[in-house]
Structures are given as C-alpha cells and as structure tokens.
Amino acid sequence: MESADVTGAPLFVSSDAVYRARVTAILVAGANPFFDRVLSAIAEREPGIVFHRDIGSAPPADLEAFICIRAPEAALPPLPRLRFGFSPGAGIDGLLACKGLPRGLPLVRVVDPQQARRMAQYVATMVLAQWRALDALRERQRARQWIRDLPADESSAPVGVLGYGPLGRATAKALAALGFCVTAWTRSPRAALDGDVAIASGVDALAGVLATSRFLVVLLPLTDDTRRLLGASRIAQLPRGAYVINASRAALIDEGALLDALRAGHLGGAALDVFATEPLPADSAWWTMRNVTVTPHISAFPRPEFVAQAFVDTLRRAQAGEPLDNLAGFAG
Ligand code: NDP
72 MESADVTGAP LFVSSDAVYR ARVTAILVAG ANPFFDRVLS AIAEREPGIV
122 FHRDIGSAPP ADLEAFICIR APEAALPPLP RLRFGFSPGA GIDGLLACKG
172 LPRGLPLVRV VDPQQARRMA QYVATMVLAQ WRALDALRER QRARQWIRDL
222 PADESSAPVG VLGYGPLGRA TAKALAALGF CVTAWTRSPR AALDGDVAIA
272 SGVDALAGVL ATSRFLVVLL PLTDDTRRLL GASRIAQLPR GAYVINASRA
322 ALIDEGALLD ALRAGHLGGA ALDVFATEPL PADSAWWTMR NVTVTPHISA
372 FPRPEFVAQA FVDTLRRAQA GEPLDNLAGF AG
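Per the working numbering, the sequence shown starts with residue 72, numbered consecutively.
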C-alpha cells in the first residue's frame, strides 16, 4: 500500500514495502554455477535487489551488502551504506582478503547443517576407501581373485581432525560412530572429551595429534594464524604411511612440502579437494599422483536456497539494526 507524506514523496506503509523501498544494491564478487543459483534464489525472494557483478573501479555508492567468493583485486572506494559482507559458504577467507572493505565491517557466513553432513560424508568416503582398500579390491576383481584378508582393528588407525567448527565436529562425530578413535584439535581449551571424540587444544598439543594420526583431516578456517600451518616439519611429524585429507583451504598446507612427502613415501596418500590454484591447471603434478585422490572443490556445497534465505534474513536484520546471526568476523 502506498500513500504520500507531507512532502509529497512516496511513503510505503506496509513493512514489506518499506523494506523493499530501502533495498538498493548488492555487490557480487565471484562466479560459478552454485553462486548463480544462490543469486537466482535471492532474486526470487527479493526481486527488488539490484546485483552489480562488474565492480570495475567505481562501484555504485549505494551498496548495502557485499557477497564474495573470491576477493576482487581492486580496492573499493568508501561505501557509506555498506552494512555487511556475506560469504555464500562456511569460510570467510575470501571476504577477509578483500581489499578496501571498511575496517570493522561485519562479515557473515552460512552455517548449513546439510553442508556439515556432506563434509562428513566426503571425509568418511575417503577414509573408508583407504581403510577398506577399495582400489586393491577392484584390482583383485579385475584379476578374478577371491582373497579374504582379515581386517585390522580400527583402533590401530587413529584419526586427527584439525578444526572443530560445524564441519570438523560433524566429521569427527561421523568417524567416531564408524569406530575410529578420533582426536579433534582446537585453538582454545575445552573439556578433554566431547562424547566419543577426544579433544586436544592449543599449539603445544598439535605435535602430539600429528604424531598419532594415521589419518589427518584438515578442517580449519584459513586465517593469518593458520596459513601454512602444516609445513615440511609438521608433515614430518605424521607417522610414516599417514593419509592426509584436506577439504578446507589449500593454503593451510605447504603444497610443495606435501607433494615431496607423498613422493618420498613418508605419506601413504592424500585426498585433496582444495588447491592453491583452482581450477587445477592441466599441467599440475596433482593430477598424476597415483596415491592422491583429486576432487574439484566439491566436498560440501551448502544448499543454494538455504544460502539465499540466510542472505535475505541477514539483510533484514541489518536494516532493522538487529544483531546479525553467524557473524564470523570483521573486515580489516
Ligand atoms: P570454522 O571456522 O567454524 O572452524 C572453527 C574451528 O577451527 C574451531 O575448532 C577453532 O578453534 C579452530 N581454529 C580456528 N583458528 C584456529 C587456530 N589459529 N588454531 C587452531 N584452531 C583454530 O570452520 P568450519 O567448520 O565452518 O569449516 C572448516 C573449513 O572448511 C573452512 O576452512 C571452510 O572454509 C572449509 N570449507 C570447505 C568446503 C569445501 O567444499 N571444500 C565447504 C565448506 C567449508 P576454537 O573453537 O578453539 O577457536
């Protein structure tokens, strides 16, 4: 419903109309099919939103929000109406890397429980394929061999999970439910046990976790503190034959050191979903490593509709001056 105020300017009186009248523009950085579905789902929910994909050097001054997968190269000019930055996934490293976002801008991420389940599925798939020797079984099938090896006990294959956020927790719990002895590593101190998952905390505890991990699962956020957390010396602390699964961010691990440890036989194998350069270049060494499973950053998509709704809810809360859910940090 529309009426006029004393100045004659349009005055929207339904709360939804007020909201729509105030929606201006969203700056979008990044492109892929998943992201396109997120933007379509936002547009279905809020047709009034204007998306700007090509920011160039002069984005519109009325931007209210910023959605980012990868940081734009260009520094942004002052954007006085900017309310928050929004990651269409669990990580905010893409937003943290954005040059020119105003210092202190709230950064919001998506916490989709289905994404956590999918990450648990991905990691469990990689651990079980290795633990149950799926490749060897297929080779024997091709050779028409019927060989019944006795299984080793899961307790002989401890799993270390670095990071106990929504994804690390779901993954650690799923592996523990499959019978593995799981130790999760966090930054801040916690109770030593969370159900059937043991917890180790702090930098001093890391060496112990590494030294006992037959499987090492990396599910940490990428921050200044965690970048290249696993270099050559920490990789060397893993037991010989250990299997590394990284489905978080490539820069957490020194890729060259990982490659060397795999080639030298110190590590038994790896499953990698994330790479320093994505898409992985055709001449990358990773494609041809026999003991490495390469997947194209597909371990755990959130649901596009869930992401879109989270964005719309965040925008409404920001416009109403309410505290934001899933606030993960601040720019600068
Ligand atoms: P969170 O950011 O919620 O992880 C938080 C955990 O990391 C906590 O246990 C926290 O410890 C710990 N942590 C943070 N900083 C440090 C530090 N400096 N040292 C030690 N521990 C630290 O991560 P999520 O569970 O949401 O996601 C995990 C990763 O997966 C992220 O990198 C995300 O980007 C990535 N991801 C990858 C996807 C893919 O498709 N490949 C999809 C979705 C996410 P404390 O609680 O003590 O602070």
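Built from N, CA and C at the ideal position, the CB exists for glycine as well.
In the DSSP assignment, residue 239 falls within the unbroken alpha helix (DSSP H) covering 237 to 248. Less than 9 Å divides the Cβ of residue 231 from the Cβ of residue 281. Looking at 103, 102, 98, the one whose alpha-carbon comes closest to that of residue 154 is 98. With distances taken between CA atoms, residue 390 lies nearest to 136 out of 116, 100, 136, 111. By a beta-carbon distance limit of 8 Å, residue 198 contacts residue 286. Their separation comes to about 5 Å. Under the criterion of beta carbons closer than 8 Å, residue 317 and residue 345 qualify as touching, at roughly 6 Å. Look at the beta carbons and you see the segment 234 to 243 touching the segment 182 to 195: at least three pairs across the two are nearer than 8 Å.
When 176, 193, 399, 139 are compared, the shortest CA-CA separation from residue 289 is found for 193.
The segment 210 to 218 makes no contact with the segment 261 to 270; the number of CB pairs closer than 8 Å stays below 3. In the DSSP assignment, the residues bridged to residue 233 are 256, 289. In the displayed model, residue 210 falls within a helix according to three-state DSSP. Remark: the C-beta of residue 254 is outside contact range of ligand 1, defined as less than 8 Å to any heavy atom.
Cβ atoms of residue 152 and residue 134 come within 8 Å of each other, at about 6 Å.
Per the DSSP secondary-structure output, residue 121 pairs in a beta bridge with 96.
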